[in-house]
Ligand code: AHR
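Below, the structure written as structure tokens:
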């Protein structure tokens, strides 16, 4: 009898522990319907930095080429493969009969007869009524008559077509046609056809929709997803993409500017694909400006994953960075500023932040190289803020910096617990830039609710520590579903569809935080599965002041929350207050092309909005209470937000 009793209790304990680790619950969740108090003091607070929440764009997962950059042609100069290996024509296809392909030193393609087709990046999305500009460089010893068509994936029907006819193209000649699509096909291709026997050389073949974001070449729908989360900065263009597996394959800004036809392109050997670099340094700066986000330029510091330049020979890299700053900020008659002006932007870009390398702190030459960059940049541009790759959150840096980079990819329970990561970090020295964070691995899959909630908990911790953490960005931002190099990501797309993962939606809950006022918000609970914050912010759209309370319930039980807002006058909450909840029936739920809004914020009117109110928090949920206040009833310590009304 005694034996059985003992065995049973061991069994029961094991079962309970098993459940908890599966759902990341804590002992407190075992009490069903616990009541928790949240006390918000609306009469005191401190400003959150204007810069707090931004985005990190990396050329990974075909996020840029075949992604936000609207170019439909892949390998438009037949240069994929680079200078050191025979160039290749892929993904171009040519009909098998009577057609030959020659890609030679000058790297162009020869059409003898019949046709070339290109499916672009996993099919071109051609939409009825939209106009596409096709540019082709041609050369031929004889006259030409080439049809340029957008067709469905098997060549029929033809969605749009035009002819290029010329009797003299003995020298390279640029030809442009506008094609208006008469039908829609998400997997279209561009087809070049001739029925005349002869030799025609092609080079730099481009097809772009005319309608792009602010006319600057970006896919509208994808950039609008970014606009919607109101990023305060863009860190670009990587990540590992900046480093390269080998230095010779790293992104180098000088090869990504000027007329697109003259850019050599390069093979990114970390994420293993070719980019024509139509999306180059200038375009990143332009995108930052168009989104009203501060550019943060990450440049190569003479270090890749596998090779490094010694500090004694790093000066060409330093000069390259200084030239890059002149390109962005120099007068339009300066050497590099004039190149920018010739590209259509005579005014300087507002570049004030640079990061010296990416994740290179432990590399042999990092400190030596870093100091060369630091001294040269501070000398030429004293106002530029410099970000070090070395983490200064647990000990002081041994070199000067304005910010230190902090990257974290981990499990859901660990990231959620990191809500306290910066609570005890030294407040002197450089500020923290959490430039990459995400839940990864089995907790995240390709973008689960569980991952998103852990990230929300972490972000609430960053809001509370925003006196030391001045910037944070989720990573990676985009994935083309045809080339998943990294899971999960914030925004998933293919040629014609896109959706936000739950992690994307979490970003939206935080878009008003930058520049808002952080209020004192205390949770009275023993549970370690609940975190909350409160801010006030003023909408530039309706001029109203909102009090936003966010609570993450990271446990598997419903929670009854009693909210008390102190420091508000009587009747100071107006009708129109709302509650927004991100949750789902299963914590591992994800969105998909077929069910893009399975896990998405659910907005409802908050009928009982008051200084004291009871709210039910669903299990595994993020809840935002957006209380519309009578502005003069709330004391606003220096809040200055240009954000828009809430979700
Ligand atoms: O975000 C994906 C990668 O993770 C980045 O390129 C790199 O900085 C980090 O290791």
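In mature numbering (1 follows the signal peptide of the UniProt record, and there is no 0), the protein residues as written are -27 to -1, 1 to 620. Glycine included, C-beta positions come from ideal geometry on N, C-alpha and C.
| So does residue 222 have its beta carbon nearer than 7 angstroms to some heavy atom of ligand 1? | The beta carbon of residue 222 sits no closer than 7 angstroms to any heavy atom of ligand 1.
| request: Find the nearest neighbour of residue 347 within the set 157, 290, 553 and 556, judged by alpha-carbon distance. | output: In terms of Cα proximity to residue 347, the closest of 157, 290, 553 and 556 is 290.
| said: Shorter than 7 angstroms, the distance from the beta carbon of residue 482 to the closest heavy atom of ligand 1, or not? | reply: Ligand 1 has no heavy atom closer than 7 angstroms to the beta-carbon of residue 482.
| task | Spatial neighbours of residue 354 within its chain, please: CB distance less than 8 angstroms, with the 5 preceding and 5 following residues excluded, ordered by chain position. | result | Excluding residues up to 5 positions away in sequence, 298 and 302 lie with their Cβ nearer than 8 angstroms to the Cβ of residue 354 in the same chain.
| task | Would you decide whether residue 73 is buried or exposed? Buried here means 16 or more other CB atoms lie within 10 Å of its CB. | result | Any reading at residue 73 needs caution, since the residue's pLDDT is 44, under 50, leaving its predicted position unreliable; the model's value is listed next. In the assembly as shown, residue 73 is an exposed residue. Its beta-carbon has fewer than 16 other beta-carbons within 10 Å.
| message | Quick check on residue 245: buried or exposed, where buried means 16 or more other Cβ atoms within 10 Å of its Cβ? | response | Its Cβ having fewer than 16 others within 10 Å, residue 245 is exposed.
| query | In three-state DSSP terms, what is residue 241? | reply | Looking at residue 241 - three-state DSSP - the assignment turns out to be strand.
| field | Residue range of the unbroken beta strand (DSSP E) whose run includes residue 97 | value | Counting along the chain, residue 97 sits inside the beta strand (DSSP E) bounded by residues 97 to 99.
| field | Buried versus exposed, by CB contacts within 10 Å (16 or more), residue 251 | value | Looking at its Cβ environment, which holds 16 or more other Cβ atoms inside 10 Å, residue 251 is buried.
| Mapping DSSP to helix, strand and coil, what is residue 159? | Residue state, collapsed to three classes: strand.
| said: In whole angstroms, give me the CA-to-CA distance for residue 95 and residue 42. | reply: Their Cα atoms are separated by approximately 15 angstroms.
| field | residue 585 versus residue 456: straight-line alpha-carbon distance, rounded | value | For residue 585 and residue 456, the gap between their C-alpha atoms comes out near 50 angstroms.
| task | Thinking residue 247 and residue 324 are a contact (beta carbons under 8 angstroms), I'd like their distance in whole angstroms, please. | result | Between residue 324 and residue 247 the Cβ distance is about 27 angstroms, and since that is not below 8 angstroms, they are no contact.
| Taking DSSP as the reference, what is the three-state secondary structure of residue 70? | Here the model assigns residue 70 a pLDDT of 37, short of 50, so the residue's position is not dependable and the matter cannot be decided.
| Should residue 182 be listed as close to ligand 1, given that the test is whether its C-beta is under 7 angstroms from any heavy atom? | In this structure, the C-beta of residue 182 stays at least 7 angstroms away from each heavy atom of ligand 1.
| task | Could you give the DSSP three-state label for residue 178: helix, strand or coil? | result | The three-state reading of DSSP puts residue 178 in strand, counting E and B together.
| Just how far apart, CA to CA, sit residue 130 and residue 411? | Rounded to whole angstroms, residue 130 to residue 411 spans 44 angstroms at the Cα level.
| said: The beta strand (DSSP E) that contains residue 11, what's its start and end? | reply: Here the beta strand (DSSP E) through residue 11 covers 7 to 20.
| said: Between residue 242 and residue 218, how many whole angstroms is the CB-CB distance? I'm expecting something under 8 angstroms. | reply: Right, their Cβ atoms sit about 4 angstroms apart.
| Expressed to the nearest angstrom, what Euclidean distance is found between the alpha-carbon atoms of residue 626 and residue 384? | Nothing about residue 626 can be read from this structure; the chain reaches only from -27 to 620.
| message | Mapping the DSSP letters down to three states, classify residue 444 as helix, strand or coil. | response | Strand.
| message | Shorter than 7 angstroms, the distance from the beta carbon of residue 449 to the closest heavy atom of ligand 1, or not? | response | Flag set: Cβ of residue 449 near ligand 1.
| said: Between residue 602 and residue 575, how many whole angstroms is the CB-CB distance? I'm expecting something under 8 angstroms. | reply: Not confirmed; about 23 angstroms, so no contact.
| Once you ignore the five residues that flank residue 445 on each side, which residues in its own chain have a CB closer than 8 angstroms to its CB? | Hits under 8 angstroms: 25, 26, 27, 406, 407, 408, 410, 432 and 435.
| message | Helix, strand or coil for residue 198? Go by DSSP, reduced to three states. | response | Here residue 198 carries a helix assignment [DSSP, helix/strand/coil].
| Taking Cβ positions, are residue 525 and residue 426 nearer each other than 8 angstroms? | Yes, Cβ-Cβ distance for residue 525 and residue 426 is below 8 angstroms.
| If you follow the beta strand (DSSP E) that residue 581 is part of, which residue opens it and which one closes it? | Unbroken run through residue 581: none, as it is neither H nor E.
| task | With a threshold of 7 angstroms, establish whether the CB of residue 334 neighbours any heavy atom of ligand 1. | result | Not so, every heavy atom of ligand 1 lies at least 7 angstroms from the Cβ.
| field | Helix, strand or coil at residue 593 according to DSSP, with G and I counted as helix | value | In the structure shown, residue 593 sits in coil (DSSP, three-state: anything other than H, G, I, E or B).
| request: Give the secondary structure of residue 570 by DSSP, where H, G and I count as helix, E and B as strand, and everything else as coil. | output: Look at residue 570 here: in three-state DSSP terms it is coil, with no helix or strand label.
| message | Is residue 212 close to ligand 1? I mean its beta-carbon at under 7 angstroms from any heavy atom of the ligand. | response | Under cutoff, so the answer is yes.
| field | Strand pairing of residue 151, partner residues [DSSP] | value | Here residue 151 is bridged, per DSSP, to 106.
| In its own chain, which residues sit with a C-beta less than 8 angstroms from the C-beta of residue 104, not counting the 5 before and 5 after it? | Sequence-distant partners of residue 104 (beyond 5 residues in either direction) whose C-beta falls short of 8 angstroms from its own C-beta, in its chain, are 151, 152, 153, 154, 182, 183 and 184.
| request: State the CB to CB distance for the pair residue 523 and residue 597, rounded to an integer number of angstroms; the pair is presumed to be in contact (CB under 8 angstroms). | output: Sure, about 5 angstroms apart at Cβ, within 8 angstroms.
| message | Given the structure, does residue 33 come close to ligand 1, in the sense that its CB is under 7 angstroms from one of the ligand's heavy atoms? | response | Yes, ligand 1 has a heavy atom inside 7 angstroms of this Cβ.
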